[in-house]
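**Student:** If you read the protein sequences in the order shown, they are chains A and B.
Letter by letter, the first sequence follows residues 0 to 363 in numbering that gives the first Met the number 0.
Letter by letter, the second sequence follows residues 0 to 304 in numbering that gives the first Met the number 0.
Note that beta-carbon positions come from the ideal geometry of N, C-alpha and C, so glycine has one too.
There's a structure below that I have some questions on.
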Amino acid sequence: MTTLDQQNSLDRGPRFTLRPSLFVPIAAVAFAAAVGLALIAAIGVSVPDAIEAFVDGTIGSPYALAASLNRACVFALVGFGFVLANRANLTNVGGEGQIAVGGIAATAVALYGHVADLPLGLAFILPMLAAVIAGALWGALAAVLKVKSGTNEVISTLLLSFIGVWLLYWCVQSPALLRKPMTSSATLPESLEIPDATQLPLLTGDYGFPVHIGLPLTLLIALVVGVLLAKTIFGVRLRAVGLNPVAAHRAGISYAKTVIVALAGAGALGGLAGALMLLGEQHTLKDGFSSGYGFDGLVAGLLSRGSIPGVIAASLLFGFMRSGGINMEMVAAVPTALVVVIQGLIVITLAGAALFIEKWERRT
Amino acid sequence: MTWELFAVFLGSSIRLAAPLLLAGIGEMVSERAGVLNMSIEGMMLMSAFASAVGAWATGDPLVGLLIGIVSVVPVSLLQAFLSNTLRANQIVSGIGINILVLGATTLAYREIFGARSRAEIPGLAKIKPPLLGDIPIIGPAVFEQVWLLYAGIGIIIITALVLRFTSLGLAIHAAGAEPKAVDKSGLSVTAVRYGVVVFAGFMASLAGAFLSIGDIHTFTEGMTRGAGYLAIASVIFGKWRIGGTTLACLLFGAATALQFQLPALGVNVPNALLIMLPYLLALLAVGGLVGRQMAPATLGEPYRR
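And the structure:
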């Protein structure tokens with residue numbers, strides 16, 4: 000034991016520490032990736048071919064790179080929301096529904112809010128704001144249930160996800176809501192395409208590299224959330240309520256207010272993620288809009304263990320994994336479900352390793 | 000609404016409630032002992048897939064059912080290991096298992112059936128119980144159900160008796176309410192909690208098999224579509240009691256059955272609203288009608304000696 004401890008104290012230099020909270024996630028990802036490769040071999044696809052298709056789909060072209068980055072922004076926003084709520088010991092698994100209501104609100108305002116002619120970028124800022132508000136309300140709903148009747152937020156945000164996803168389905172099915180005017184029975188159940196002015200501007204203006212302004216926005220939000228959690232009294236309140244609600248109450252911190260703000264904040268970020276997807280990439284609202292991105296963002300938040308840079312790293316990883324996975328399916332006939340398997344393994348491994356990490360960190 | 004239509008509605012409510020009921024009772028027993036399995040969804044999906052493949056490959060739905068039951072054992076052991084031995088967050092680990100099973104079953108399904116799908120899969124037989132089944136109109140419409148449901152009701156009755164009248168039932172209850180006392184009495188809390196998770200997995204496997212080879216005789220990717228979460232909601236709604244959980248499941252089943260019934264009656268309600276209804280009811284149920292104090296005292300908390 001002592002030699003191990005000595006070894007440890009030697010490793011623990013002032014500048015560089017190899018902490019378990021860093022290497023365990025990396026080990027989990029490596030383990031899951033190894034299983035993924037073994038599965039590719041098992042289904043009879045050449046592993047080098049699959050890897051080539053994966054790399055092509057991620058960084059093979061400027062277009063692929065941009066698609067991965069845009070996707071990573073969506074995951075990161077949901078992930079920041081998860082970390083924010085989790086600081087108050089709340090588990091928000093409602094990203095999927097928050098994305099859906101954000102998408103609905105953004106579509107409604109972009110199409111029918113008469114915003115297309117507004118100056119100064121208001122044409123896309125107002126739909127974004129609408130999405131943020133819709134997401135915040137969706138998140139606050141779970142918070143109110145928790146404060147009023149003690150409903151576990153995991154169950155309520157999860158049920159709200161299903162409700163949000165079906166609400167979106169309703170909106171695109173019903174001509175009275177957001178479905179485009181039915182000219183024939185073959186009219187698809189989707190909204191009209193939003194006007195050009197309401198679409199998010201591209202960073203470079205080059206359609207070959209369509210990264211939109213969601214990327215700098217996400218980085219800005221990363222900074223804001225990071226500072227909010229680490230440097231402000233608000234961050235202290237969240238942590239206090241998360242660690243001990245009773246003690247926090249004695250210290251004059253309102254439990255109800257903190258829970259509502261935390262979950263509404265997480266919901267707002269989820270709603271914004273939906274706005275980026277709709278205004279930035281898809282431009283029409285369709286059934287299945289949220290595409291599981293809410294769960295990817297949740298996993299990114301889990302992986303990060305509460306760190307904002309960690310969320311960014313995990314989101315980039317998943318952004319690239321999704322893009323690479325899609326290309327593997329098209330080029331190398333490897334089903335995208337493989338990526339889902341890898342994600343599941345990562346979550347399970349990390350959940351199982353949490354005790355080990357805690358013990359280790361307490362010891363050092 | 001005519002009697003005939005009402006009987007059909009009642010029959011389909013029971014049919015749609017059946018998988019929730021099977022999974023819900025298993026989860027209730029597990030939660031009584033203090034273990035929350037968010038992975039019920041994944042366990043159901045695993046069995047829905049394995050039993051469909053088993054029935055398709057062997058041509059015998061009974062073999063399919065057995066394969067479905069066996070396929071869930073490793074999943075429930077994994078959940079039990081994570082929850083009890085590694086003391087992992089039960090919600091996170093459960094969701095992880097659900098993601099893994101969704102990916103794995105989709106992958107395996109594509110490999111076995113290809114993207115075309117809709118292979119003919121032999122299903123479990125329906126039976127009409129004597130007496131009840133002979134009632135005119137109501138008999139065939141309401142009571143002619145897949146035999147697995149009747150078998151499941153038998154298991155649920157036995158479960159109720161075990162919980163109420165045996166020392167095992169007491170141990171399960173105590174493991175959730177006062178685990179230290181169980182420990183002091185010489186029983187292992189960990190063993191009880193492993194047992195209940197495996198039981199929840201067994202019940203979820205019956206529920207999954209009911210979905211694929213009992214009800215619609217096919218497998219579709221991610222076919223549980225949140226049924227596992229509804230089962231968990233029904234436990235909360237039913238205040239961790241067998242009778243309450245059963246009623247909650249029937250209510251969710253009836254809400255789902257309305258989807259098919261109302262359009263037949265010419266009532267014009269948006270389809271999406273009807274699909275949403277069980278989730279909406281579940282949200283209202285967990286949000287307003289029951290208090291927190293009803294939950295087993297140590298629900299979701301790993302036990303540490």
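Three-state secondary structure (DSSP) at L201/A?
**Tutor:** Note: L201/A maps to strand in three-state DSSP.
**Student:** Return the bridge partner residues of I126/B from the DSSP annotation.
**Tutor:** Partner(s): Q144/B.
**Student:** Run the CB neighbour count on L264/B, radius 10 Å, all protein chains shown included, and call it buried at 16 or more, exposed below.
**Tutor:** Its Cβ having fewer than 16 others within 10 Å, L264/B is exposed.
**Student:** Counting only Cβ pairs nearer than 7 Å, list the residues of chain A close to R86/B.
**Tutor:** What R86/B touches in chain A: L354.
**Student:** If I follow the unbroken alpha helix (DSSP H) through F288/A, where does it start and stop?
**Tutor:** Unbroken run through F288/A: none, as it is neither H nor E.
**Student:** Is F79/A near V224/A, with beta carbons less than 7 Å apart?
**Tutor:** Yes. Within cutoff.
**Student:** Using a beta-carbon distance cut-off of less than 8 Å, what residues from the region 264 to 281 of chain B approach chain A?
**Tutor:** Under the 8 Å Cβ criterion, the region 264 to 281 of chain B contributes P269, N270, A271, L272, I274, M275, Y278, L279, A281.
**Student:** At what residues does the alpha helix (DSSP H) containing K358/A begin and finish?
**Tutor:** Its alpha helix (DSSP H) spans residues 336 to 362.
**Student:** Is E95/A helix, strand or coil by DSSP?
**Tutor:** DSSP places E95/A in helix when its eight states are reduced to three.
**Student:** Between L101/B and chain A, is any beta-carbon pair separated by less than 7 Å?
**Tutor:** Yes, contact with chain A.
**Student:** Determine the DSSP secondary structure at E189/A, reduced to helix, strand or coil.
**Tutor:** Strand.
**Student:** Got a sec: which bits of the region 108 to 124 of chain A sit with their beta carbon under 8 Å from any beta carbon on chain B, in order along the chain?
**Tutor:** Listed by position along the chain: nothing, the set is empty.
**Student:** Span of the alpha helix (DSSP H) holding I136/B?
**Tutor:** First-last for I136/B: undefined, no H or E at that position.
**Student:** Could you check if Q5/A is buried or exposed, using at least 16 other CB atoms within 10 Å of its CB as the buried criterion?
**Tutor:** Only weak support exists for where Q5/A lies, its pLDDT of 43 falling under 50; the value from the coordinates is given anyway. Its Cβ having fewer than 16 others within 10 Å, Q5/A is exposed.
**Student:** If you scan the region 266 to 331 of chain A from start to end, which runs of the beta strand (DSSP E) of 3 or more residues do you find wholly inside it?
**Tutor:** List check, beta strand (DSSP E) in window: nothing returned.
**Student:** Based on the DSSP output, what are the partners of H372/A in its beta bridges?
**Tutor:** Lying outside 0 to 363, the shown extent of chain A, residue 372/A is not represented and no answer is given.
**Student:** By DSSP, does R14/B sit in helix, in strand, or in coil?
**Tutor:** Helix, per DSSP.
**Student:** Ignore the nearest five residues each way along the sequence and tell me which others in M276/A's own chain have a CB closer than 6 Å to its CB.
**Tutor:** Taken in chain order, the residues that qualify are V73.
**Student:** Cβ of L277/A less than 7 Å from any chain B Cβ?
**Tutor:** Not closer than 7 Å to any Cβ of chain B, the Cβ of L277/A fails to qualify, so no.
**Student:** For chain A, check one thing: does any of its Cβ atoms lie closer than 7 Å to the Cβ of R109/B?
**Tutor:** So, interface residue.
**Student:** With respect to the alpha helix (DSSP H) encompassing M293/B, which residues constitute its N-terminal and C-terminal limits?
**Tutor:** Neither: M293/B is in no alpha helix (DSSP H) and is coded neither H nor E.
**Student:** With distances taken Cα to Cα, identify the nearest neighbour of Y302/B among A16/B, L35/B, T1/B, A208/B.
**Tutor:** Ranking A16/B, L35/B, T1/B, A208/B by Cα distance to Y302/B puts L35/B first.
**Student:** So, under 8 Å CB-CB, G213/A and G279/A are touching, yes? Tell me the CB distance rounded to an integer number of Å.
**Tutor:** Between G279/A and G213/A the Cβ distance is about 5 Å, and since that is below 8 Å, they are a contact.
**Student:** Should the region 290 to 298 of chain A be called in touch with the region 117 to 137 of chain A, which here means at least 3 C-beta pairs below 8 Å?
**Tutor:** Contact fails: fewer than three Cβ-Cβ distances are below 8 Å.
**Student:** CB-CB under 6 Å to G269/A, same chain, minus the five flanking residues each way: which ones, in chain order?
**Tutor:** Answer for G269/A: V77, G80, G94, Q97, I98, G134, listed in chain order.
**Student:** Check whether the region 33 to 42 of chain A touches the region 330 to 340 of chain A, taking contact to mean three or more Cβ pairs, one atom from each stretch, closer than 8 Å.
**Tutor:** Enough Cβ pairs lie closer than 8 Å, so yes.
**Student:** By a C-beta neighbour count over all protein chains shown, 10 Å radius and 16 as the cutoff for buried, is E189/A buried or exposed?
**Tutor:** Buried.
**Student:** Nearest chain A C-beta to V161/B closer than 7 Å, yes or no?
**Tutor:** False, the Cβ-Cβ gap to chain A never drops below 7 Å.
**Student:** Can you tell me the Cα-Cα spacing of P178/B and E26/B, whole angstroms?
**Tutor:** Near 18 Å, if we compare the C-alpha coordinates of E26/B and P178/B.
**Student:** Run the CB neighbour count on L44/B, radius 10 Å, all protein chains shown included, and call it buried at 16 or more, exposed below.
**Tutor:** L44/B is buried by the Cβ-count criterion.
**Student:** Can you find at least 3 beta carbon pairs, one from the region 138 to 151 of chain B and one from the region 75 to 86 of chain B, that sit closer than 8 Å?
**Tutor:** As far as the Cβ criterion goes, the region 138 to 151 of chain B does not touch the region 75 to 86 of chain B, which means the pair count is below three.
**Student:** Less than 7 Å between CB atoms is the rule here; does V91/B satisfy it with respect to chain A?
**Tutor:** At least one chain A Cβ lies under 7 Å of V91/B.
**Student:** Per the contact definition of three or more C-beta pairs closer than 8 Å, is the region 97 to 112 of chain A in contact with the region 243 to 261 of chain A?
**Tutor:** Contact between the region 243 to 261 of chain A and the region 97 to 112 of chain A is absent, because fewer than three Cβ pairs lie under 8 Å.
**Student:** Taking DSSP as the reference, what is the three-state secondary structure of V333/A?
**Tutor:** Coil, per DSSP.
**Student:** If contact means a Cβ-Cβ distance below 9 Å, which residues of the region 217 to 233 of chain B contact chain A?
**Tutor:** Of all residues in the region 217 to 233 of chain B, E220, R224, G225, Y228, L229, I231, A232 have a Cβ within less than 9 Å of some Cβ in chain A.
**Student:** Return the CA-CA distance between L162/B and G33/B, expressed in angstroms with no decimal places.
**Tutor:** Their backbone Cα atoms lie some 14 Å apart in a straight line.
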